[in-house]
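Enquirer: Heads up: the sequence shown runs through residues 113 to 464, numbered per the numbering used here.
Glycine residues also receive a C-beta, built at the ideal position from the N, C-alpha and C atoms.
Fair warning: this is a prediction, and the values are worked out from it, not measured in the lab.
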Amino acid sequence: MSDEGYGKNDFIETEKQLVIVTAPGPGSGKMAVCLSQLYHENLRGVKAGYAKFETFPVWNLPLKHPVNVAYEAATADLNDVNMINPFHLEAYNEISVNYNRDVDIFPVVDAMFKKIYGKSPYKSPTDMGVNMVGNCIVDDEVVREASRQEIIRRYYAALCEQREAMENSEALKKLDLLMNQSGLSSEDRPVVERANKKAEDTGAPAAAIELPDGSIVTGKTSSLLGASAAVLLNALKKLGGIDDEIELISPSVIVPVQRLKVDYLGNHNPRLHTDEVLIALAVSAVMSPMAKRQWSSLINLPAVRHIPRLSWRKRMPRPSRSWVSTSPVSRDIRSKSSIIRFKVLVDKIHII
Numbered sequence: 113m114s115d116e117g118y119g120k121n122d123f124i125e126t127e128k129q130l131v132i133v134t135a136p137g138p139g140s141g142k143m144a145v146c147l148s149q150l151y152h153e154n155l156r157g158v159k160a161g162y163a164k165f166e167t168f169p170v171w172n173l174p175l176k177h178p179v180n181v182a183y184e185a186a187t188a189d190l191n192d193v194n195m196i197n198p199f200h201l202e203a204y205n206e207i208s209v210n211y212n213r214d215v216d217i218f219p220v221v222d223a224m225f226k227k228i229y230g231k232s233p234y235k236s237p238t239d240m241g242v243n244m245v246g247n248c249i250v251d252d253e254v255v256r257e258a259s260r261q262e263i264i265r266r267y268y269a270a271l272c273e274q275r276e277a278m279e280n281s282e283a284l285k286k287l288d289l290l291m292n293q294s295g296l297s298s299e300d301r302p303v304v305e306r307a308n309k310k311a312e313d314t315g316a317p318a319a320a321i322e323l324p325d326g327s328i329v330t331g332k333t334s335s336l337l338g339a340s341a342a343v344l345l346n347a348l349k350k351l352g353g354i355d356d357e358i359e360l361i362s363p364s365v366i367v368p369v370q371r372l373k374v375d376y377l378g379n380h381n382p383r384l385h386t387d388e389v390l391i392a393l394a395v396s397a398v399m400s401p402m403a404k405r406q407w408s409s410l411i412n413l414p415a416v417r418h419i420p421r422l423s424w425r426k427r428m429p430r431p432s433r434s435w436v437s438t439s440p441v442s443r444d445i446r447s448k449s450s451i452i453r454f455k456v457l458v459d460k461i462h463i464i
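1. Quick check: residue 389 and residue 341, are their CB atoms within less than 8 Å of each other?
2. Would the beta-carbon of residue 151 fall within 8 Å of that of residue 119?
3. Does residue 223 pass the burial test, meaning 16 or more other C-beta atoms within 10 Å, or should it be called exposed?
4. With distances taken between CB atoms, is the gap from residue 477 to residue 329 smaller than 8 Å?
5. Excluding five sequence neighbours on each side, which residues of the same chain lie with their C-beta closer than 8 Å to the C-beta of residue 283?
6. Could you name the residues of the same chain whose beta carbon sits closer than 7 Å to that of residue 322, not counting the 5 residues immediately before and after it, in chain order?
7. For a minimum of 4 consecutive residues, which ranges assigned as the alpha helix (DSSP H) are wholly contained in the stretch 140 to 209?
8. At the level of alpha carbons, what is the spacing between residue 169 and residue 200?
9. Select from 127, 142, 128 the residue whose C-alpha is nearest the C-alpha of residue 134.
10. Roughly how many whole angstroms lie between the Cα atoms of residue 235 and residue 268?
11. Can you find at least 3 beta carbon pairs, one from the stretch 172 to 185 and one from the stretch 243 to 260, that sit closer than 8 Å?
12. Excluding the five sequence neighbours on either side, which residues of its own chain have a C-beta within less than 6 Å of the C-beta of residue 226, listed in chain order?
13. Note down the Cα distance separating residue 307 from residue 385, rounded to an integer number of angstroms.
14. Spatial neighbours of residue 173 within its chain, please: C-beta separation below 7 Å, excluding the five flanking residues on both sides.
15. Assign residue 218 to one of two classes, buried (16 or more other C-beta atoms within 10 Å of its C-beta) or exposed (fewer than that).
16. Excluding the 5 residues preceding and the 5 following residue 421 in the sequence, name in chain order all residues of the same chain whose CB lies nearer than 8 Å to its CB.
17. On a CA-only basis, which of 275, 297, 273, 286 is nearest residue 261? Give me that one, please.
18. At which residues does the alpha helix (DSSP H) containing residue 320 begin and terminate?
19. Measure the C-alpha to C-alpha separation of residue 425 and residue 334 and round it to an integer number of angstroms.
20. I'd like to check one pair, residue 374 with residue 382: are the Cβ atoms closer than 8 Å?
21. Just the Cα atoms here: how many angstroms apart are residue 166 and residue 331?
22. Taking its Cβ as the centre, do 16 or more other Cβ atoms sit within 10 Å of residue 376, making it buried, or is it exposed?
23. Count the other CB atoms, across all protein chains shown, that sit within 10 Å of the CB of residue 411; report buried if there are 16 or more and exposed otherwise.
24. Please state whether the Cβ-Cβ distance between residue 287 and residue 185 is less than 8 Å.
25. Quick check on the burial criterion: 16 or more other C-beta atoms within 10 angstroms. Buried or exposed for residue 325?
26. Report the residue ranges of all alpha helix (DSSP H) runs contained in full by the stretch 241 to 283; include only those spanning at least 4 residues, in chain order.
27. Please state the DSSP three-state secondary structure of residue 228.
28. Applying the 10 Å Cβ sphere with the 16-neighbour rule, what's the burial state of residue 399?
29. In this structure, how does DSSP classify residue 352 when only helix, strand and coil are distinguished?
30. Can the beta-carbon of residue 241 be found less than 8 Å from the beta-carbon of residue 309?
31. Could you tell me which of 149, 394, 401, 338 sits nearest to residue 380, measuring between CA atoms?
32. Hey, residue 365 and residue 395 are a contact pair by Cβ (cut 8 Å); roughly how many whole angstroms apart?
33. Measuring CA to CA, which of 116, 121, 160 is closest to residue 127?
34. Measuring straight from C-alpha to C-alpha, what distance separates residue 354 and residue 408?
Spelled out as structure tokens, the structure:
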């Protein structure tokens, strides 16, 4: 704690007593900003506090609970490791789960509070976090199954990144290890078998989507559409009650888009992707009542949102200012009727 340490960062002028620091994802420097502000606030005579709103890992679930394993899968590229919190165990003789980065930084936070207050309000990384997720689960088996599916989804996402030459081989190795530790295989994801079967039957890449009612639709690669675009259209047909054989987007709409891609934009693959096929469908909906009906079915696709609800409670006199860091919850997770579920649409696509 010096001008050459946390003091090197610029001081951020604020007016409110409660300041929330958030960012697009993990490892983005939220905690560093908060700790730097604590240092600067102390120099200015402001006794600031710090707490974390963070969903995962869930401290009061078992270390190997699928929810916590899914968190490790989600942060495989950061090499986060869930662990029993040694500080919490020593202070309270109670087992709690944290991840390595919080455990590693805790001595720094502890020392900083002791310098500011004369004592630290926290005895462990678990103390400085605000997390009641574990108390909101009313159907553990639903949560476990959703978490298992998330682990498999992350594994396939890493395989796709490797295929696209953006791979992190260490992350893929870790995901493979987590799959094995959890007793999971690709066959545990229903869409995988259907996509593989479609690919074998057609001799080209294929995709599959599981709809909210549990039914699975597939899509094949053609001269006009990629597999993902085809399966998206087929899913919309299914949701709209439209016969699979009906052609909703005329080739007269698709071909000009293909020419634009290849002849003018320099693409080598003329097939329409998911975003492009939705634009083509929107254009067709102006002229075709059937396409308009299919377009209207978009609202029935599973949607995923995270709406944070923040509350704050202190165990000691309220400081002059409080800095709170919060990480956005994975987009695949939502809370509905007090049951934490994983709802996935496009992420259920498996492409060979």
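Expert: In terms of the structure at hand:
1. yes
2. yes
3. exposed
4. The structure shown does not extend to residue 477, since the chain is modelled only from 113 to 464, so the question has no answer here.
5. 188, 189, 191, 270
6. 302, 303, 328, 460
7. 142 to 155, 178 to 186, 198 to 204
8. 15 Å
9. 142
10. 39 Å
11. yes
12. 232
13. 17 Å
14. 179, 180, 209, 246
15. buried
16. Note that residue 421 scores 23 on pLDDT, short of 50, meaning its location in the model is unreliable and no value can be drawn from it.
17. 297
18. Counting along the chain, residue 320 falls outside any alpha helix (DSSP H), though it belongs to the beta strand (DSSP E) covering 318 to 322.
19. Note on residue 425: pLDDT 29, under 50, position unreliable in the model; the coordinate value appears next. Roughly 57 Å separates the two Cα atoms.
20. yes
21. 38 Å
22. exposed
23. exposed
24. yes
25. exposed
26. 252 to 275
27. helix
28. exposed
29. helix
30. no
31. 338
32. 6 Å
33. 160
34. 12 Å
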